[in-house]
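These notes concern the structure reproduced below.
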Amino acid sequence: MKSVMHSVLKSSNCKQQRFFANYSAMMMLGNHNQRFSQRASFSTRMGQQHEIKKLSSEDVMKLENDYSAHNYHPLKVVFERAQGVVVYDPEGRKYYDFLSAYSAVNQGHCHPKILETLKSQAEKVTLSSRAFYNNVFGQWAQYVTKLFGYEKVLPMNTGAEAVETALKAARKWGYEVKGIPDNEAIIIACSGNFHGRTIGVISFSDSDETRDGFGPFLPGVLTAKYDDVNSLRELLEKFGKNVAGFLLEPIQGEAGVRVPSEKYLSEVYKLCKQHNVLMICDEIQTGLGRTGKMLCYEHSLDKSKGEKPDILILGKALSGGVFPVSCILADKRVMDVFEPGTHGSTYGGNPLGCAVSMTALEVLQNENMIENAARLGEIFRQECRELVHEGGIVDEVRGKGLLNAFVMNHSRMHGKNSYDLCTSLKENGLLAKQTHDNIIRFAPPLVITEEQLRECIAIIKKVVRSFEKPPQSKQQ
Numbered sequence: 001m002k003s004v005m006h007s008v009l010k011s012s013n014c015k016q017q018r019f020f021a022n023y024s025a026m027m028m029l030g031n032h033n034q035r036f037s038q039r040a041s042f043s044t045r046m047g048q049q050h051e052i053k054k055l056s057s058e059d060v061m062k063l064e065n066d067y068s069a070h071n072y073h074p075l076k077v078v079f080e081r082a083q084g085v086v087v088y089d090p091e092g093r094k095y096y097d098f099l100s101a102y103s104a105v106n107q108g109h110c111h112p113k114i115l116e117t118l119k120s121q122a123e124k125v126t127l128s129s130r131a132f133y134n135n136v137f138g139q140w141a142q143y144v145t146k147l148f149g150y151e152k153v154l155p156m157n158t159g160a161e162a163v164e165t166a167l168k169a170a171r172k173w174g175y176e177v178k179g180i181p182d183n184e185a186i187i188i189a190c191s192g193n194f195h196g197r198t199i200g201v202i203s204f205s206d207s208d209e210t211r212d213g214f215g216p217f218l219p220g221v222l223t224a225k226y227d228d229v230n231s232l233r234e235l236l237e238k239f240g241k242n243v244a245g246f247l248l249e250p251i252q253g254e255a256g257v258r259v260p261s262e263k264y265l266s267e268v269y270k271l272c273k274q275h276n277v278l279m280i281c282d283e284i285q286t287g288l289g290r291t292g293k294m295l296c297y298e299h300s301l302d303k304s305k306g307e308k309p310d311i312l313i314l315g316k317a318l319s320g321g322v323f324p325v326s327c328i329l330a331d332k333r334v335m336d337v338f339e340p341g342t343h344g345s346t347y348g349g350n351p352l353g354c355a356v357s358m359t360a361l362e363v364l365q366n367e368n369m370i371e372n373a374a375r376l377g378e379i380f381r382q383e384c385r386e387l388v389h390e391g392g393i394v395d396e397v398r399g400k401g402l403l404n405a406f407v408m409n410h411s412r413m414h415g416k417n418s419y420d421l422c423t424s425l426k427e428n429g430l431l432a433k434q435t436h437d438n439i440i441r442f443a444p445p446l447v448i449t450e451e452q453l454r455e456c457i458a459i460i461k462k463v464v465r466s467f468e469k470p471p472q473s474k475q476q
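Read in UniProt numbering, the sequence shown has 174 at position 174, and its numbers run on one by one without any break.
Set out below in structure tokens:
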């Protein structure tokens, strides 16, 4: 029996030695790109990569419908490859992307410098977890805190995770610093908000579609009317001693690009200071150049006077759309409530995401994308407001920078709706998506040129005007 086991173990060891010898030899072959491809690919057998098949758009949509949960209703277009502001489907048709993955690809699809960093770092180390140090995270932490003007950062991955982290920070600060009695902390959110889809985050939502069937929800939640300082003031005067934080978006994206009045954020800032409440600013969609400023709150608060949110939430374009990276930023008086074991994330602060994030932020600044968003946003709104003045199906054009929306009047669309209009835009080579039924958001990557923008404006005007004409009656 012992000799049999010895033979089995010896045979197994030989196989392992051959496996690792073959693996090492394979890793030494080829050029830089081949090595990256070999390491990054999922292999079912040594030397064989999992093949991404060439499929038609129809086949792709059928596979998704057959095997994926039906939690989205996509526009019927398939992305096969993309560059900058342009995407292509499997049949080679070209489209202008005016959604930008909900502002995750502000720097444009497949930015070459970001991809170069991704490939380079992927060959070194991709994940350490926070159980150990890695050589990139500390450099990233220093970079983002200096760039955004905060003392500390806490890394996560997705936007919803970052919002959850901000809520935990606010509650813990409320108990340990403000002195709120245990389990009595309150967070105030805004009507019409969208901060993600976890149970904790949807507890702050007032959308039936988001909440139905997912209760019970978190206690300690109040809602103030968005862009209504008096609504917030009343809640703070009544519950202020137990309020730890006020969570808001400087522009509500999912609600239809709702831009608040000019002084709203500055009044909110003053009220939060007056009542010792943390101002928590969700800039996941509005930040990183999207509105023509690095951060959207900069349109309203005076950074030269030290005015800034107590907690800043970032995500999406923080990595340029190639890897999920999010974080919260705050000063020590807030962030020091966290101790080892109180919060964490296996992937948060991973070296691959951190390296990519630094490059994504550098190209955003070095390639004048923020200034481009401000300038081209003005052109977009000025040109498209002609449609409002014509008294047709567009009631309002609103936004800042390259985050804009049309409010559509369905009663004038002869039985059609905003989804139909988005489908027609797609057929004319432009991709946009409606939100809240009658609002269409337009948010291209910030690398778009004026020439491309004007071409897209012409497409939008042509399609909108075609919907204003009543359908021709069939001849008898």
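We put the CB at the ideal spot given by N, CA and C, even for glycine.
Note that this is a predicted model, so its numbers are computed, not measured.
C-beta atoms of residue i and residue j nearer than 8 Å
| i | j | result |
| --- | --- | --- |
| residue 518 | V85 | In the structure as shown, the chain begins at 1 and stops at 476. Residue 518 is therefore absent and cannot be evaluated. |
| R381 | G392 | no |
| S129 | D89 | no |
| Q285 | G253 | yes |
| A443 | S100 | yes |
| C422 | L118 | no |
| I328 | A69 | no |
| R290 | N106 | yes |
| V229 | E267 | yes |
Rounded C-alpha distance that separates residue i from residue j
| i | j | result |
| --- | --- | --- |
| I313 | G159 | 8 Å |
| D336 | N157 | 21 Å |
| A458 | Q434 | 19 Å |
| L127 | G215 | 35 Å |
| F36 | L278 | Caution applies to F36, whose pLDDT of 43 falls short of 50 and renders its modelled position unreliable; the value that the coordinates give is listed next. In a straight line, the C-alpha of F36 is about 45 Å away from that of L278. |
| V221 | S300 | 26 Å |
| G341 | V243 | 25 Å |
| F148 | A355 | 17 Å |
| F98 | P445 | 7 Å |
| T198 | E237 | 30 Å |
| A405 | G256 | 7 Å |
| A82 | E367 | 19 Å |
| K53 | L63 | 12 Å |
| L55 | N65 | 15 Å |
Which residues DSSP lists as bridging residue i, in chain order
| i | result |
| --- | --- |
| T223 | A189 |
| M279 | F246 |
| A330 | K152, I311 |
| A405 | R398, R441 |
| K94 | Y88 |
| H109 | G84 |
| Q252 | R258 |
| L288 | None; L288 has no bridge partner. |
| L430 | Y96 |
Residue range of the beta strand (DSSP E) that includes residue i
| i | result |
| --- | --- |
| A82 | 81-83 |
| Y297 | Where Y297 is concerned, there is no enclosing beta strand (DSSP E), given that its DSSP letter is neither H nor E. |
| Q434 | 433-435 |
Delimiting residues of the alpha helix (DSSP H) encompassing residue i
| i | result |
| --- | --- |
| N230 | 229-239 |
| Y72 | Careful: Y72 lies outside any alpha helix (DSSP H) and carries neither H nor E. |
| F380 | 369-389 |
| F467 | 450-468 |
| Y175 | Here Y175 belongs to no alpha helix (DSSP H), and DSSP marks it neither H nor E. |
| D302 | Here D302 belongs to no alpha helix (DSSP H), and DSSP marks it neither H nor E. |
| T210 | 208-211 |
### Contact between the region 312-323 and the region 169-179 (3+ Cβ pairs under 8 Å)
Contact between the region 312-323 and the region 169-179 is absent, because fewer than three Cβ pairs lie under 8 Å.
### Message
With three or more C-beta pairs closer than 8 Å as the rule, is the region 354-362 touching the region 383-393?
### Response
Judged by Cβ distances under 8 Å, the region 383-393 makes no contact with the region 354-362, as fewer than three pairs qualify.
### the region 449-461 contacting the region 109-116, beta-carbon criterion three pairs below 8 Å
Not touching, per the Cβ criterion.
### Task
For the region 182-198 and the region 343-353, state whether three or more C-beta atom pairs, one from each stretch, are separated by less than 8 Å.
In the pairwise beta carbon analysis, the region 182-198 is classified as not touching the region 343-353: fewer than three pairs are separated by under 8 Å.
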